[in-house]
Amino acid sequence: MADESVVTDKLQHVNEYTSDLKEMRGMSKDEYMSDVVVQRAVERTFMNLIQSCIDLAQHIRASENLEPSGTAKQEIEALGNGDIISRGTQEKVEEAVGFRNVLAHRYGDVDHDVVYRTLHDDLLWFERFQQEVAQWFQQYHN
């Protein structure tokens, strides 16, 4: 059974990082593209956010004996297979894992247009991930 303190802690991190990213949305694309410090802050916050989702998925997958396990994408897939998150959320968070890998390992140059667009258009998927996991946990562990 998933540990309430671990789930709560990881959900709190997802919430905090998502909120931080929302606060970084205020500038125009031109301002964002010319501010390396803000770019780095956004990228690092995305990496932390996505890693928190992976860590949470890993904990739930292991504690609930779900399959598959292994890669970060498979940890997210296991939550979809276990009906903990929806298929749409699963697919978007799996994409985010690939995005995190690009940011963390700098495969080629980071496309700042993609980061800016993700910042403005895709945070809702992290909110859905958080909501779906929280609903599952409340329903099956209280």
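For the record, in the sequence shown the residue sitting at position 117 is 152 according to our numbering, with numbers rising by one throughout. Glycine included, every Cβ here is placed at the ideal spot set by N, Cα and C.
Item	Value
So residue 91 is in the alpha helix (DSSP H); what residue range does that whole segment cover?	71-98
Between residue 74 and residue 155, how many whole angstroms is the CB-CB distance? I'm expecting something under 8 Å.	About 14 Å; that fails the 8 Å criterion.
Roughly how many angstroms lie between the CA atoms of residue 54 and residue 89, to the nearest whole one?	18 Å
Smallest Cα separation from residue 157: which of 99, 62 and 85?	85
Can you tell which of 95, 77, 65 and 103 has the C-alpha that lies nearest to the C-alpha of residue 169?	95
If distances are taken between C-alpha atoms only, which option among 58, 83 and 92 comes closest to residue 108?	92
For residue 167, which residues from the same chain have a beta carbon less than 8 Å from its beta carbon, with the 5 sequence-adjacent residues on both sides left out?	119, 120, 121 and 124
May I ask which residues mark the beginning and end of the alpha helix (DSSP H) holding residue 115?	107-116
Between the beta-carbon of residue 80 and the beta-carbon of residue 59, is there less than 9 Å?	yes
Tell me which same chain residues have a C-beta within less than 7 Å of the C-beta of residue 132, skipping the five on either side of it?	85, 89, 107, 108 and 111
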